[in-house]
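Undergrad: I'd like to ask some things about the structure below.
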Amino acid sequence: MELEIALNARKDNAMKNAMKVGFVGLGSMGRGMVANLQKAGYQLVVNDLSQAAAVDAIAAGAMWAETPREVAEDADLVFTSLPMPADVQAVSAGTDGLIAGLSEGKVWVDTSTNDLDVIRELHGILVQKKVYLLDAPIGGSPHNTVRGDIIFWVGGEERAFQLAKPALDAISENALFVGECGSGTITKLVQNMFSLALLSVQIECLSMGVKAGVDMLPLWKALRQGRLGQMRTFDLISAGFLPNKLDPAKFFLKLAEKDARLALQIGRSNRVPMKLCSAVHQDMLEALNRGWEMRDAQSFLELQMERSGLPPSFLTQEEVDAVKEST
Numbered sequence: 001m002e003l004e005i006a007l008n009a010r011k012d013n014a015m016k017n018a019m020k021v022g023f024v025g026l027g028s029m030g031r032g033m034v035a036n037l038q039k040a041g042y043q044l045v046v047n048d049l050s051q052a053a054a055v056d057a058i059a060a061g062a063m064w065a066e067t068p069r070e071v072a073e074d075a076d077l078v079f080t081s082l083p084m085p086a087d088v089q090a091v092s093a094g095t096d097g098l099i100a101g102l103s104e105g106k107v108w109v110d111t112s113t114n115d116l117d118v119i120r121e122l123h124g125i126l127v128q129k130k131v132y133l134l135d136a137p138i139g140g141s142p143h144n145t146v147r148g149d150i151i152f153w154v155g156g157e158e159r160a161f162q163l164a165k166p167a168l169d170a171i172s173e174n175a176l177f178v179g180e181c182g183s184g185t186i187t188k189l190v191q192n193m194f195s196l197a198l199l200s201v202q203i204e205c206l207s208m209g210v211k212a213g214v215d216m217l218p219l220w221k222a223l224r225q226g227r228l229g230q231m232r233t234f235d236l237i238s239a240g241f242l243p244n245k246l247d248p249a250k251f252f253l254k255l256a257e258k259d260a261r262l263a264l265q266i267g268r269s270n271r272v273p274m275k276l277c278s279a280v281h282q283d284m285l286e287a288l289n290r291g292w293e294m295r296d297a298q299s300f301l302e303l304q305m306e307r308s309g310l311p312p313s314f315l316t317q318e319e320v321d322a323v324k325e326s327t
């Protein structure tokens, strides 16, 4: 048994030494993923708009590439982690783009929360080059990335998923294959739209209770002990909205709005009525028009309190944590 474990470990190390991983986009999510890949023993070549973003990765042994194309040419497996669909298009196109550098048999894993149409367009182009594309958006925060417990929802060819899985596992062991290319993007947008709509409904109902005369803290505590609350649904607002910790942002409102917009776009494309989700998106747009782009994703919930003639929630983090610890 010990010999088998040793042989498997040797085989795993040999594969890591043989495979070079490319990474484009070392922002708040990308840096943690790169660090975990390096800890696992992978050789990396990296690129970002700013070389300063890659200082830690380079210090840990990563090679710097001047363009996305150089990353694609030098690596067997390429990851991208970028904030907007337009950013993915920018690094993929042109003579210095990823597409120009990718060759037959290579795998591109896009971990960005992307536009489904962009993913499908890129897939169509890469199929002609016999290059695999996996759309693998992430569930989790930068803290989850560092801890290695983010979730990947992965769409694409299953053979490509198996090729990329050892590297995905080095980042997090929660990589779930959900279907053909585009399926990962759809799954992520469903998840984010559901979360945003659920947050909005919670605040609408809480504002009703507070306006009718129940203080926020006992109301929230009581709801947490009900059937729905026991599923910890109401804990979604415990770190941001309730203690009014919306600045600095854990996740920017402008990015949350982008996710909602892309989800509604899928609904429209498939003639799916989404009345509640559309109303949530309208609130997010109103918040953006107030200049709240860089505030936390939960900041738009303050609009419901304002419409109800109520101040923003003013509970302390200690009060919120005490309720969570007691129930």
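Note that the working numbering has the sequence shown beginning at 1, numbered continuously upward.
Cβ atoms here follow ideal geometry from the backbone N, Cα and C, with glycine treated the same way.
1) Closer than 7 Å by C-beta to residue 227: which residues in its own chain qualify, once you throw out the five before and the five after it? Chain order, please.
2) Check whether the Cβ atoms of residue 45 and residue 26 lie closer than 8 Å to each other.
3) Does any residue of chain B have a CB that is nearer than 8 Å to the CB of residue 151?
4) Quick one: is residue 66 buried, meaning 16 or more other Cβ sit within 10 Å of its Cβ, or exposed?
5) Of all the options 291, 223, 168 and 72, which has the alpha carbon lying nearest to the alpha carbon of residue 96?
6) Does the beta-carbon distance from residue 243 to residue 191 come in below 8 Å?
7) Can you check whether the CB of residue 274 is closer than 8 Å to the CB of residue 300?
8) Assign residue 230 to buried or exposed, taking buried as 16 or more other Cβ atoms, counted over all protein chains shown, within 10 Å of its Cβ.
9) Looking only at its own chain, which residues have a Cβ that is under 8 Å from the Cβ of residue 271, when we skip the five neighbours before and after it?
10) Give the DSSP-derived three-state secondary structure of residue 326 in the structure shown.
11) Roughly how many whole angstroms lie between the Cα atoms of residue 323 and residue 218?
12) Would you kindly work out how many angstroms separate the C-alpha atoms of residue 3 and residue 41, rounded to a whole number?
13) What are the boundary residues of the alpha helix (DSSP H) that includes residue 210?
14) Taking 8 Å as the threshold (C-beta atoms), are residue 185 and residue 135 in contact?
TA: Reading off the structure:
1) Translated into positions along the sequence shown, residue 227 becomes position 227. Nothing meets the Cβ criterion.
2) Within the sequence shown, the letter at position 45 stands for residue 45. Within the sequence shown, the letter at position 26 stands for residue 26. For residue 45 and residue 26, no; Cβs fall outside 8 Å.
3) You won't find chain B in this structure, because it holds only one protein chain.
4) As a first step, residue 66 is located in the sequence shown; it is residue number 66 there, counting from the start. Result: exposed.
5) Here the question's residue 96 lines up with position 96 in the sequence shown. Among 291, 223, 168 and 72, the Cα nearest to that of residue 96 belongs to 72.
6) Within the sequence shown, residue 243 is the residue found at index 243, counting from 1. Within the sequence shown, residue 191 is the residue found at index 191, counting from 1. No; because the gap between Cβ atoms is not below 8 Å, this pair is not in contact.
7) By 1-based counting over the sequence shown, the position of residue 300 is 300. By 1-based counting over the sequence shown, the position of residue 274 is 274. No; because the gap between Cβ atoms is not below 8 Å, this pair is not in contact.
8) As a first step, residue 230 must be located in the sequence shown, where it is residue number 230. Result: exposed.
9) Here residue 271 refers to the residue found at position 271 when the sequence shown is read from its first residue. No residues qualify anywhere along the chain.
10) As a first step, residue 326 must be located in the sequence shown, where it is residue number 326. Note: residue 326 maps to helix in three-state DSSP.
11) Within the sequence shown, residue 323 is the residue found at index 323, counting from 1. Within the sequence shown, residue 218 is the residue found at index 218, counting from 1. If you take the alpha carbons of residue 323 and residue 218, they lie about 9 Å apart.
12) Counting from 1 along the sequence shown, the entry for residue 3 is found at position 3. Counting from 1 along the sequence shown, the entry for residue 41 is found at position 41. For residue 3, the predicted model reports a pLDDT of 29, less than 50, meaning its position is unreliable; a value from the coordinates is still stated below. Distance between the alpha carbons of residue 3 and residue 41 is about 21 Å.
13) Position 210 of the sequence shown holds residue 210. Taken as a continuous stretch (DSSP letters only), the alpha helix (DSSP H) holding residue 210 covers 183 to 212.
14) Sequence index remark: in the sequence shown, residue 135 carries index 135 (1-based). Sequence index remark: in the sequence shown, residue 185 carries index 185 (1-based). A contact, by the Cβ cut-off of 8 Å.
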